[in-house]
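Data block below; observations after.
Chains as they are written, first to last, in my numbering: chain C, 154 to 313; chain X, 148 to 254.
Structure follows, in structure tokens:
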């Protein structure tokens, strides 16, 4: 399958750029970011608050299958221009207990019309430091590794 | 054991990267690897131990000698460490696209 989502992370910089072309008209792409119910569906999270306007705030949380909140994040929108751009801060809550410390990050989302039926999203995420960026970039990789490791431990345990 | 930290700490060190490059083309004994470096033999041994512990290197016995060779599968995982991040976003955006296509057809 064609790689529609591209990630650009240059060495020694504190930003990540994610681009994606959608088989959707610009208005529909933007709506997926604007409407709380739709946003909740594709992000797979519960939206507690989403004020889709300049200086609006948002907050969402994710629970595990037992209903325990495992992740909560919030932010504000310094800019919110329909069908054009969203600038938002992103902050994870209650990370102090997990041994990980994350600073607020800044995200610039640009929505572009390509044709009547296609559109493009460019997402620039800026982190407080290069180290923090690398950490965030490696997190899904690390989780994958940990999961593989945990599975391996399970297998070994069953062998005993 | 913190596997993630181990792997990334392992490849963060220039000597260990050099060792990986060295054994990438052929399996070598600890002695042969050490002869390529000015550093003391025990230091090289320590590096080999770390690389083996995090599975970037594998050992095999041939007669009296222990050879080190690269674990290609693990190396590929490290090289592709951005890929899971990309996949995470790709999954989200695929879902977004599917939902909005449905939304469109409902209208």
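From the three backbone atoms N, C-alpha and C, an ideal C-beta is built for every residue, glycine too.
Only those residues of the stretch 198-222 of chain X whose C-beta falls short of 7 Å from the nearest C-beta of chain C would be listed, and there are none. With fewer than 16 other Cβ atoms inside 10 Å of its own Cβ, residue 219 of chain X counts as exposed. Beta bridge pairing from DSSP links residue 161 of chain C with C:170. Residue pairing by DSSP places residue 199 of chain X opposite no residue, since no beta bridge is assigned to it.
Along the stretch 280-293 of chain C, the positions whose C-beta sits under 7 Å from a C-beta of chain X are 290, 291 and 293, read in chain order. Nearest to residue 209 of chain C by alpha-carbon distance, out of C:231, C:266 and C:245, is C:231. Between the stretch 188-202 of chain C and the stretch 231-242 of chain X, the count of Cβ pairs shorter than 8 Å is three or higher; the stretches touch.
Taking C-alpha positions only, residue 168 of chain X is separated from residue 156 of chain X by approximately 16 Å. Inside the stretch 153-189 of chain X, DSSP marks whole alpha helix (DSSP H) runs of 4 or more residues at positions 161-172 and 177-181, from first to last along the chain. Separation of the CB atoms of residue 255 of chain C and residue 285 of chain C is rounded to 7 Å, and the pair is thereby assigned contact status at 8 Å. For secondary structure counted as the beta strand (DSSP E) over 3 or more consecutive residues, the stretch 205-275 of chain C holds these complete runs in sequence order: 210-216, 222-229, 232-234, 238-245 and 258-266. Taking a contact to require three or more Cβ pairs closer than 8 Å, the stretch 264-282 of chain C and the stretch 165-179 of chain C qualify as touching.
Given a length threshold of 4 residues, each whole run of the alpha helix (DSSP H) inside the stretch 172-203 of chain C is given here in chain order: 179-187 and 189-196. Counting other Cβ atoms within 10 Å of its Cβ, residue 163 of chain X reaches 16 or more and is therefore classed as buried.
Three or more beta-carbon pairs separated by less than 8 Å are not found between the stretch 159-170 of chain C and the stretch 201-217 of chain C, which leaves the two stretches without contact. Within the model, the alpha-carbon separation for residue 184 of chain C versus residue 164 of chain C is close to 34 Å. Counting the other CB atoms within 10 Å of its CB gives residue 181 of chain X a total of 16 or more, which places it among the buried residues. Distance check between residue 173 of chain X and each of X:187, X:200, X:204 and X:190 places X:204 closest, using alpha-carbon atoms only.
Contact between residue 195 of chain X and residue 179 of chain X does not hold, since their C-beta atoms are separated by about 11 Å, which reaches or exceeds 8 Å.
A distance of 9 Å or more separates the beta carbons of residue 214 of chain X and residue 198 of chain X. In the structure shown, the three-state DSSP call for residue 246 of chain X is helix.
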